[in-house]
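Q: Going by the working numbering, the final residue of the sequence shown carries number 931, and the count climbs one at a time with no gaps.
Think of the CB as a built atom: it goes at the ideal place given N, C-alpha and C, for glycine as much as any other residue.
Just passing along the structure, written as C-alpha cells.
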Amino acid sequence: MQANPKKIKQQFKKSIAKYSDNAIVQKLIAEKLSSYLSGKHFEYVLEIGAGSGILTDFISQRCDFTNYYANDLVEKSEMYLRKFIPDCKFFAGDFRKISFDGRKFNLVLSNAVFQWYENLDKIFEQCRHLLSDDGLLCFSTFSPDNFKEIRELTGLTLNYKTSDEIKSALCEYFEIINFEQWTQVVNFDNPLKILAHMKNTGVNSLAESNWGIKEVREFCGNYLEKFPNLSLTYSPITVLAKRK
Ligand SMILES: C[S@@+](CC[C@H](N)C(=O)[O-])C[C@H]1O[C@@H](n2cnc3c(N)ncnc32)[C@H](O)[C@@H]1O
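The structure is reproduced here in C-alpha cells:
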C-alpha cells in the first residue's frame, strides 16, 4: 500500500510520547547507524523524520557537529529534540517539500522513515541535492520480510523494497560504503501487547480504518494459532553512502 503523510502524522502525533520507550528495535538500528559515524566531525547535519530523537540522542553523544538541522511531520518533535540538541534548527513538515534554507549538508541522516515512501529514487535524488560534495547519507529502512506476521494475518503491509532494489536506486547518486540487512525478532506475552506495541510505535497507519472489538478478537485468535510463540519480525536495512 501507498502511505499517506497525513495519516502518518496523525499516528506519530499520538504515539510520540510513548515512542522512545517502545521502539526497542529502532533503538538498535539507531545505535548501528551512529556506529558508522562515531568520532567524525560534521559542519552541517540534517536529520529527516527525527521523531522523539532516538537517533538524535546517539548522534549527539557519538559525533561532533557545528550545526544540526532536524525535521519531522509532527511539530511536537522539536520539543523532544531540544533535550538532546538545545540549539537545533527545526523544520516541521514533509521533508520532500522542504528546501532547508537552500543549504548544503555534510551529513543527511534518517532512521526508519523512507520505508513509507514508494519513490526511493526521487528521495535519493533529493538527498544528493541536499548534500555537499563528498557528503554522507546515513539511513535505515526495512526489507519485505518486515512484520511478515502482520502481512500474513491481515494482508496489510508497505511496499518495502528489496536490498537489490535499494542498492540499484542508490547507485545512481551514491557510492555505498556500508550496507547491512538483518532480522530482529521480538516476542510478546499476548497478541494484545503486539497491537499496543504497533500503536505506540506509530505503525497503526497501515490500516485504512480503526479496528473494532470484532477485528481485534479475530486478530488475536489468528495470531495465537499461526504464531504461537507470538513473534514479530523486523527486517532492518542500514546504509552509509557517499555522494557521487
Ligand atoms: C518510525 S519513526 C522514527 C523516528 C526517529 N527517526 C527515530 O530514530 O526514532 C518515523 C518518523 O518519521 C516521521 N515522518 C514520516 N514521514 C515523514 C515525512 N514525509 N517528512 C518528515 N517526517 C516524516 C514521522 O512523523 C515519525 O516521527
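DSSP three-state call for Gly780: helix, strand or coil?
A: The residue you call residue 780 lines up with position 93 of the sequence shown. Coil, per DSSP.
Q: Suppose you measure from the CA of Ser725 to the CA of Arg749; what does that come to, to the nearest Å?
A: Counting from one through the sequence shown, the residue named residue 725 turns up at place 38. Counting from one through the sequence shown, the residue named residue 749 turns up at place 62. Cα to Cα, Ser725 sits roughly 5 Å from Arg749.
Q: Name the DSSP beta bridge partners of Tyr921, please?
A: Along the sequence shown, one-based indexing puts residue 921 at 234. Bridge partners of Tyr921: Gln871.
Q: Just to confirm, are Ser797 and Ile735 a CB contact at a threshold of 8 Å?
A: In the sequence shown, residue 797 corresponds to position 110, counting from 1. In the sequence shown, residue 735 corresponds to position 48, counting from 1. It is a contact, given that the beta carbons lie within the stated cut-off.
Q: Check whether the Cβ atoms of Tyr860 and Glu812 lie closer than 8 Å to each other.
A: Residue numbering aside, residue 860 sits at position 173 when the sequence shown is read from its first letter. Residue numbering aside, residue 812 sits at position 125 when the sequence shown is read from its first letter. Yes, the Cβ-Cβ distance between Tyr860 and Glu812 is below 8 Å.
Q: Once you ignore the five residues that flank Lys848 on each side, which residues in its own chain have a CB closer than 7 Å to its CB?
A: In the sequence shown, counting from the first residue as 1, residue 848 sits at position 161. Contacts found: Leu807.
Q: Which of the three DSSP states, helix, strand or coil, is assigned to Ala932?
A: Here the chain has residues from 688 to 931 only, and residue 932 is not among them.
Q: Quick one, are the C-beta atoms of Glu836 and Thr888 less than 8 Å apart?
A: Counted from its first residue, the sequence shown places residue 836 at position 149. Counted from its first residue, the sequence shown places residue 888 at position 201. No, these two residues do not count as a Cβ contact at 8 Å.
Q: Following a CB-centred definition, is Asp759 positioned closer than 7 Å to any heavy atom of ligand 2?
A: This structure simply doesn't include ligand 2; it includes ligand 1 instead.
Q: What are the residues that DSSP puts in a beta bridge with Ser827?
A: For the purposes of this step, residue 827 is identified with residue 140 of the sequence shown, where counting begins at 1. In the DSSP secondary-structure assignment, Ser827 is bridged to Thr925.
Q: Any heavy atom of ligand 1 within a distance shorter than 7 Å of the CB on Phe699?
A: Start at 1 with the first residue of the sequence shown, and residue 699 comes out as number 12. Because some heavy atom of ligand 1 lies under 7 Å away, the Cβ of Phe699 counts as near it: yes.
Q: Looking at Val873: is its Cβ nearer than 8 Å to the Cβ of Ile695?
A: Taking the first residue of the sequence shown as position 1, residue 873 is located at position 186. Taking the first residue of the sequence shown as position 1, residue 695 is located at position 8. Cβ atoms of Val873 and Ile695: not closer than 8 Å.
Q: Phe792: which of Val890, Ser786, Val732, Glu839 sits nearest, CA to CA?
A: Here residue 792 corresponds to residue number 105 of the sequence shown, with the count starting at 1. It is Val732.
Q: Roughly how many angstroms separate the alpha carbons of Ser722 and Gly899, rounded to a whole number?
A: Within the sequence shown, numbered from 1, the residue matching residue 722 stands at position 35. Within the sequence shown, numbered from 1, the residue matching residue 899 stands at position 212. Cα to Cα, Ser722 sits roughly 42 Å from Gly899.
Q: Mark Pro773 as exposed unless 16 or more other C-beta atoms lie within 10 angstroms of its C-beta, in which case mark it buried.
A: Start at 1 with the first residue of the sequence shown, and residue 773 comes out as number 86. Exposed.
Q: With a 10 Å radius around its C-beta and 16 neighbouring C-beta atoms as the bar for buried, classify Val903 as buried or exposed.
A: As a working mapping, residue 903 is identified with position 216 in the sequence shown. Around the CB of Val903, fewer than 16 other CB atoms lie within 10 Å, so the residue is classed as exposed.
Q: Any heavy atom of ligand 1 closer than 7 Å to the Cβ of Asp781?
A: Translated into positions along the sequence shown, residue 781 becomes position 94. Checking every heavy atom of ligand 1 against the Cβ of Asp781, one is found closer than 7 Å.
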